[in-house]
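In this note's numbering, the protein residues as written are 4 to 306.
Put into C-alpha cells, the structure is as follows:
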C-alpha cells in the first residue's frame with residue numbers, strides 16, 4: 004500500500020511540474036525596474052471617485068505592484084479642454100493607468116474591470132486613441148462601479164500629455180471622442196456586437212489610410228463597401244453618423260501613410276494575446292488526455 008501511495012505522490016508532483024509555469028529561482032530578476040528612459044506609469048483617477056472607490060481602482064490597476072508611479076486626477080475641467088462643447092460639471096469615474104512604450108510598439112489596451120465598463124471596448128479605445136494621436140502605450144482601464152467608460156478617454160489624453168510632454172491636437176481629440184460616441188451608439192441602436200462595430204471602424208479607417216479619399220462621396224463609398232463586406236445592416240441615420248465621422252477623420256492632419264500598420268496592430272492584438280493558444284486544439288487535447296490517463300492510473304492503484 005505504501006508503494007502505491009509513493010507512486011501516486013510521484014505522479015501528482017510530475018503533473019504539477021508539467022502544468023506550472025517555469026518561474027525559476029532568480030526572484031530578484033523578476034522585480035520591476037523603473038524605466039529611466041520613458042518614465043514611470045501614470046495613473047489617472049476620475050475626480051468623482053470616493054475614497055473607497057479610489058482604493059478599489061488602485062487594486063484593479065495593481066498600482067502597488069509598480070516600483071514608482073505618478074498619480075493625477077481628471078475632472079470636468081479637463082473634459083472641456085479636450086472636447087468641444089462639453090459639460091464641465093460631468094461626473095468622472097472611469098480611470099486608467101498608462102505606460103509609455105518605445106516607438107513602433109503600438110497600442111495595447113486592457114479593460115481590467117470589464118463588468119464595470121459597459122459600453123466601450125478595448126478596440127474602441129484603441130481606435131479613438133489612434134485618431135487622437137496617441138501611439139505606443141499600454142493602457143489599462145478600470146472603474147469601481149458600472150459606467151459607460153467614456154470619461155477614461157479624457158483621462159488617457161491627460162496622462163499621455165503628462166508622460167510625453169506633448170500637446171494633443173484638440174481637433175483630433177474632439178473627433179476621437181465623437182468616434183467613441185458613434186461606436187457605442189451604433190452598437191446600442193443597431194444591435195450589432197461591440198466587437199463587430201470596432202472591426203467596422205478599423206476596416207473603414209484602413210481603407211481611408213490606403214485610398215486617401217478626396218471627397219465626402221468617396222468616403223461614403225468606402226463606408227458602404229465595408230458595411231457590405233462585413234454584412235452589417237445599419238439604419239440610414241446610423242449610416243450618416245458613420246459617414247460624417249469618417250469624413251471628419253479623413254480631413255484631419257494625420258500622416259495616413261503610417262496608419263495601416265497601426266490599424267493592423269489593433270485588429271490583431273486580441274488574436275496575439277489569446278488566439279494562438281485557444282486555437283491550438285492539439286495542446287488542449289494533450290492536456291485532456293494527460294489528466295484522463297492520470298485518472299486511470301490513480302484508479303488502477305486501488306483495484
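Note that CB positions come from ideal geometry on N, CA and C, so glycine has one too.
In this text, all values refer to a predicted model and were calculated from it rather than measured experimentally.
For residue 170, does the three-state DSSP call read helix, strand or coil? If DSSP states are grouped into helix, strand and coil, residue 170 belongs with coil.
Once you ignore the five residues that flank residue 42 on each side, which residues in its own chain have a CB closer than 7 angstroms to its CB? Cβ within range, chain order: 103, 166.
So what's residue 133 in DSSP terms, helix, strand or just coil? Correct three-state label for residue 133: helix.
Closest residue to residue 256 among 141, 146, 212, 232 (Cα-Cα distance): The shortest C-alpha separation from residue 256 is found at 212.
Sheet register partners of residue 331 (DSSP bridge): Any answer about residue 331 is impossible in this case: the structure gives the chain only from 4 up to 306.
Beta-carbon contacts of residue 40 that lie in its chain and below 6 angstroms, excluding the five residues immediately before and after: Beyond the five residues adjoining it in sequence on each side, residue 40 comes within less than 6 angstroms, by CB distance, of no other residue in the same chain.
Looking at the secondary structure, which residues open and close the alpha helix (DSSP H) in which residue 74 lies? Not the alpha helix (DSSP H): residue 74 falls in the beta strand (DSSP E), residues 73-77.
Take the Cβ of residue 97 as the centre, count every other Cβ of all protein chains shown within 10 Å, and call the residue buried at 16 or more, exposed below. Residue 97 should be labelled buried.
Considering only C-alpha positions, which residue in the set 79, 161, 55, 149 is nearest to residue 100? Of 79, 161, 55, 149, the smallest CA-CA separation from residue 100 is found for 161.
Please identify the residue among 61, 207, 87, 86 whose C-alpha is closest to the C-alpha of residue 76. Ranking 61, 207, 87, 86 by Cα distance to residue 76 puts 61 first.
Residue 123 in three-state terms, based on DSSP: The three-state secondary structure of residue 123, taken from DSSP, is coil.
Report yes if the CB atom of residue 157 is closer than 9 angstroms to the CB atom of residue 81, and no otherwise. Yes, Cβ-Cβ distance for residue 157 and residue 81 is below 9 angstroms.
Find the nearest neighbour of residue 201 within the set 115, 119, 106, 128, judged by alpha-carbon distance. Per the Cα distances, 128.
Cβ-based neighbour list, residue 222, same chain, cut-off 8 angstroms, excluding 5 preceding and 5 following: Once the five neighbours on either side are set aside, the close Cβ partners of residue 222 are 211, 216, 246, 249, 250, 253.
CB contact flag (residue 83, residue 159, <9 angstroms): It is not a contact, given that the beta carbons lie outside the stated cut-off.
Residue 36 lies in the alpha helix (DSSP H); which residues open and close that run? No alpha helix (DSSP H) holds residue 36; DSSP gives it neither H nor E.
For residue 102, which three-state DSSP category applies? DSSP places residue 102 in strand when its eight states are reduced to three.
Leaving out the 5 sequence neighbours to the left and right, which residues in its chain are closer than 6 angstroms to residue 45 when beta-carbon positions are compared? Short of 6 angstroms from the beta carbon of residue 45, and not among the five residues preceding or following it, lie these beta carbons of its own chain, in chain order: 73, 101, 162, 165, 166.
Going by beta carbon distance, what residues of the same chain come within less than 8 angstroms of residue 150, once the five residues before and after it are set aside? The residues are 96, 97, 119, 120, 121.
Identify which residue in 115, 177, 185 has its Cα closest to the Cα of residue 244. For residue 244, the closest C-alpha among the options 115, 177, 185 is that of 185.
Residue 208, buried or exposed, once every other Cβ within 10 Å from all chains shown has been counted against 16: By the C-beta density criterion, residue 208 is buried, having at least 16 other C-beta atoms within 10 angstroms.
Please report the distance separating the alpha-carbon of residue 237 from that of residue 172. Their backbone Cα atoms lie some 31 angstroms apart in a straight line.
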